[in-house]
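Which chain is which? The protein sequence lines are A and B, in order.
Just add 264 to the spot in the first sequence (first one is 1) and you have my numbering.
Just add 401 to the spot in the second sequence (first one is 1) and you have my numbering.
Cβ atoms here follow ideal geometry from the backbone N, Cα and C, with glycine treated the same way.
The model shown is predicted, which means the values in this text are computed figures rather than measured ones.
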Amino acid sequence: MSTELLMPQPWVVQKTERENEDVVTLTLAPESSDHGFSFLPGQFNMLYAFGVGESAISISGDATTNGSMVHTIRDVGAVTHALSAAHVGDVIGIRGPYGSEWPIASHTGRDILVVAGGIGLAPLRPVVYHIIENRHKYKDVAVLYGSREPKDLLFRAELESWKDHNIQVEATVDNATPGWTRHIGVVTTLIRRAKVEPRGAAAFVCGPEIMMRFTASELTGRGMNPDDVFISMERNMKCAVGLCGRCQLGPEFICKDGPVFPWPRMSPVMTIREL
Amino acid sequence: MKDIGHIISEHAFFSDLPERYCKLIGGCGKAEVFEPGQFLFKTGNKATQFFLVRHGQVALELHAPGKDVFRFQTIGHGGIVGWSWLFPPFTYMFDARAIEQTRVVTFDGLCLRGKCEEDHELGYRVIKRFANVMSRRLVETRLQLIDVYGRE
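As structure tokens, this is what we get:
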């Protein structure tokens, strides 16, 4: 195995955008122009906050944009806290990209449902970018997004702009605050409001595991082929190349075999309490 | 113009219901439009109706003196609003308010209850459909309560 796979490269923070109270989006560029970089929607990088540690963060930018890398980070621990606090000009170590991609390119000619919960919209944003850039290749498309409260919604202005590309965009919150006039309820309730009929469509789902489980159940219950439901899993990752076993779930290494899986490969292990 | 029996026969809530029952239930329904802000019913009102949302959106709300109205759920196209007409004390527990122009079929619960009492086969089919709606709402409410996004 090449040691390059485990060697972080220095990237410089070009821009920081605060999405909500605890989520920040960083745009980074390589410190040296020597190393090119490409990724597929759904893949992740290991981000290294020097002196603190590493964390697996999905890529939330456009896969066709060269020269920069976009990561949306939720501040939940020491490493993500350090990454979230980065300023323009700071250097962050990046190694990757790792993992499987959303199979969006192989689902042309189909209706597409993108179902996201909370920070789960970040790894799905490259899917939406791909659809927008290839809009004529897909039939009806709906983005269904659930969040705890209105203030937690990510990419708010951008969500609205996706409607300009003939994409149905629906957002819902569990707890409404004054001024919120859109949907209230869990994200699964949006499925029956989508203009995309689940039967015959493909779905790309990311969010908390409980949310993904109920979403897959709702979709398949409405006639979607289970093989057409794809989810993105999250586990603590260390090496990111399937060596250390930290992210093993049943027979799968989430870092190497995933994070994107067809639902039938994950559904048997997701209902086992001990896992 | 479609009659109510025809409208409900095309609706998922009444799917697979024999035509004779659609006609029977349709006899208790009428088409209505609620403007944004208009109440379908209010807390404490005698529960005599339920609503099938054809277009638009209805919010369920709770209120308390001196506090903001607590809007806890919205029901859109294809949804059912109101089941208090089915069970004693036949009183609405929440406010239901249109938050955009909303077209519904309003059903007279007393009329339908009477028909269900006369024909228990119809009653079973109606109750089974409402039980399904209630079961779904219960699951959805549980998911809302556990703060699933806070556990990411």
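| request: Would you mind sorting A/Val-405 into buried or exposed? The rule is 16 or more other CB atoms within 10 Å of its CB. | output: buried
| query | Checking contacts by CB at 9 Å: is B/Arg-498 closer than that to chain A? | reply | The beta-carbon of B/Arg-498 is placed no less than 9 Å from the nearest beta-carbon of chain A.
| message | Against chain A, with Cβ distances strictly below 9 Å, would B/His-478 count as a contact? | response | yes
| request: Please report how far the alpha carbon of A/Glu-473 lies from the alpha carbon of A/Phe-494, in whole angstroms. | output: 13 Å
| Mapping DSSP to helix, strand and coil, what is A/Phe-478? | Helix, per DSSP.
| query | Which value, in whole angstroms, describes the spacing of the CA atoms of B/Ser-410 and A/Leu-408? | reply | 28 Å
| task | Please say whether B/Phe-508 and B/Phe-451 have beta carbons closer to each other than 9 Å? | result | yes
| task | Rank A/Arg-477, A/Trp-366, A/Arg-510 and A/Leu-539 by C-alpha distance to the C-alpha of A/Gln-614 and give the top, closest one. | result | The requested residue 614 of chain A is not part of the displayed model; chain A covers only 265 to 539.
| field | Exposure of A/Glu-498, with buried meaning 16 or more beta-carbon neighbours within 10 Å | value | buried
| said: Applying the 10 Å Cβ sphere with the 16-neighbour rule, what's the burial state of A/Met-265? | reply: With a pLDDT of 44 at A/Met-265, under the threshold of 50, the modelled position of this residue cannot be trusted, and the question is left open.
| said: Quick check: is the beta carbon of B/Arg-530 nearer than 9 Å to any beta carbon in chain A? | reply: no
| query | Does the ligand ADP have a heavy atom nearer than 8 Å to the CB of A/Cys-508? | reply | Absence of the ligand ADP from the depicted structure is noted, as is the absence of any ligand whatsoever, leaving it without description.
| message | Any beta carbon from chain A within less than 9 Å of B/Ile-547's own beta carbon? | response | A Cβ of chain A is located within less than 9 Å of the beta carbon of B/Ile-547.
| field | Coarse secondary structure for A/Ile-431, derived from DSSP in three states | value | strand
| request: Can you have a look at B/Ala-413 and say buried or exposed, based on whether 16 or more other CB atoms are within 10 angstroms of its CB? | output: exposed
| request: Could you spell out the range, first to last residue, of the alpha helix (DSSP H) harbouring A/Trp-275? | output: Segment 273-284 is the beta strand (DSSP E) holding A/Trp-275; no alpha helix (DSSP H) there.
| query | Buried or exposed: where does A/Cys-508 fall if 16 or more other Cβ atoms within 10 Å of its Cβ makes it buried? | reply | exposed
| said: Please tell me whether A/Asp-492 and A/Ala-465 are closer than 9 Å, where the distance is taken between their beta carbons. | reply: yes
| field | Integer-rounded CB distance, given that A/Ile-356 should sit under 8 Å from A/Trp-444 | value | The pair is not a contact, with the Cβ atoms about 35 Å apart (cut-off 8 Å).
| field | Distance between beta carbons of A/Val-460 and A/Glu-377, contact taken as under 8 Å | value | The residue asked about is misnamed: residue 377 of chain A is Leu in this sequence, not Glu. Indeed, because the Cβ distance is near 5 Å, the residues count as touching under 8 Å.
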